[in-house]
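Q:
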Amino acid sequence: MLFRRQEREKFPYEYPIHLRELAAELPKAPGVYQFHGEEQSVPLYIGKSVDLRTRVLSHLREPGEARMLSQTRRITHVRTAGDLGAQLLEAHQIKTLQPLYNKKLRRTHRICSIALDLGGVRYAFSNEPNFRLRTNLYGLFGSKMAAMDKLRALADEHELCCARIGLERTPGGRPCFRHSIGRCRGACAGKEAGRDHDERLLTALRGIEVAKWPYQGRVAIEERDGKLRQLHVIDHWNYLGSAESLREARRIKGDSGQFDRDDYYIVARPILSGELRVREL
1 MLFRRQEREK FPYEYPIHLR ELAAELPKAP GVYQFHGEEQ SVPLYIGKSV
51 DLRTRVLSHL REPGEARMLS QTRRITHVRT AGDLGAQLLE AHQIKTLQPL
101 YNKKLRRTHR ICSIALDLGG VRYAFSNEPN FRLRTNLYGL FGSKMAAMDK
151 LRALADEHEL CCARIGLERT PGGRPCFRHS IGRCRGACAG KEAGRDHDER
201 LLTALRGIEV AKWPYQGRVA IEERDGKLRQ LHVIDHWNYL GSAESLREAR
251 RIKGDSGQFD RDDYYIVARP ILSGELRVRE L
């Protein structure tokens, strides 16, 4: 709040009449828009909406954006066939172009997940080979510390043993600290079978399980808006690009690179719910 008040004092809001005509020319349809300043290379801001005109006009009435609006000289847009295409294109453009006023959707270089295997709890990272092909991954975190914090919170909630899940070292086989204060059911003290504990751990983690890619390879998610048709090409949750025909979609191959957390959050629900048509390529 203090920052916004200081911004308004330094850049007092005045309705940007010079942008009104530009905004009014935008279609009332889905897409991605960009605010441009004097510099031609990097946009000031990138956004998306299912109604481009209404969304951009709402920016013009926002005093907290006075500084950005005063710098804006042009507004450009790209139409999409729906909200999914707009979300994917917006995320891709923000990570590629790094606009000045976008704070969210910045590229995260390495994602950490909680991983379960025969050896117990481990941590897997998105820059490791075959991360996108792995199963038994839980949560998508910006750091190992964030993953450990989540695991610790689940241990508190479900009375799990911090020694058994690797959050505490206990010398000489002694029980973990939480057992001494009644917050662990005693897998570390012989009071709970290890198998029972691990089943409870799995139950606790299911709410943040990373879905397994349900196809052999690339797919295209189809969206339509009137005559506009788009096929969004996805490979193991990563967005590769969009096309207007199946022939063009099949030509989009590319290296999907590291697992992209934002792409996963955008496409997982439409793919798993079946709300949009999915074609295997």
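Residues in the sequence shown are numbered from 1 upward in steps of one, following full-length UniProt numbering. We put the CB at the ideal spot given by N, CA and C, even for glycine.
Using a Cβ-Cβ cutoff of less than 8 Å, which residues in the same chain neighbour H92 once the five nearest sequence positions on both sides are dropped?
A: If we look at H92 and ignore the five residues flanking it on each side, its Cβ neighbours are Y239.
Q: Below 8 Å between beta carbons: does that hold for A81 and P30?
A: Cβ atoms of A81 and P30: closer than 8 Å.
Q: Going by the beta-carbon positions, is the gap between E222 and L281 smaller than 8 Å?
A: In this structure, L281 does not lie closer than 8 Å to E222 by Cβ.
Q: With T203 as the anchor, note down where its alpha helix (DSSP H) starts and where it stops.
A: Looking at the DSSP string, the run of the alpha helix (DSSP H) that includes T203 is G194 to L205.
Q: Just verifying my parser: in three-state terms, what is the DSSP assignment at Q40?
A: Three-state DSSP puts Q40 in coil, outside helix and strand.
Q: Given that a residue counts as buried once 16 or more other Cβ atoms are within 10 Å of its Cβ, and exposed if not, what is T54?
A: Classification of T54: exposed, given that the 10 Å Cβ count is below 16.
Q: Where does G257 fall in DSSP's three states?
A: Note: G257 maps to coil in three-state DSSP.
Q: Nearest to A147 by CA position, among L167, L133, E128 and E157, is which residue?
A: With distances taken between Cα atoms, A147 lies closest to L167.
Q: Could you tell me the alpha carbon to alpha carbon distance between E21 and A86, rounded to whole angstroms?
A: Straight-line Cα distance between these residues: approximately 23 Å.
Q: Less than 8 Å separating the beta-carbons of L19 and T72?
A: Against a cut-off of 8 Å, the Cβ pair of T72 and L19 comes out as a contact.
Q: Rounded to a whole number of angstroms, what is the C-alpha to C-alpha distance between L246 and L272?
A: In a straight line, the C-alpha of L246 is about 21 Å away from that of L272.
Q: Using the three-state DSSP reduction, which class does Q6 fall into: helix, strand or coil?
A: Low per-residue confidence applies at Q6: pLDDT is 49, beneath 50, and the placement is therefore not dependable, though the value from the model is reported in the following sentence. Helix.
Q: For the alpha helix (DSSP H) holding G85, just list the boundary residues, first then last.
A: Residues D83 to L97.
Q: Please list the terminal residues of the continuous alpha helix (DSSP H) segment that includes L131.
A: Sequence check: residue 131 is Phe here, not Leu. Premise fails: F131 is in no alpha helix (DSSP H) and is neither H nor E.
Q: Report yes or no: is there a C-beta of chain C within less than 8 Å of the C-beta of R224?
A: In the structure shown, chain C does not exist; there is a single protein chain.
Q: Hey, would you say P75 sits closer than 8 Å to Y33, going by beta carbons?
A: For clarity, residue 75 is Ile in the given sequence; the question names Pro instead. Going by C-beta atoms, I75 is nearer than 8 Å to Y33.
Q: Kindly list the residues whose CB is nearer than 8 Å to the CB of G257, restricted to its own chain and excluding five residues on each side of it in sequence; keep chain order.
A: Result list for G257: N238, in chain order.
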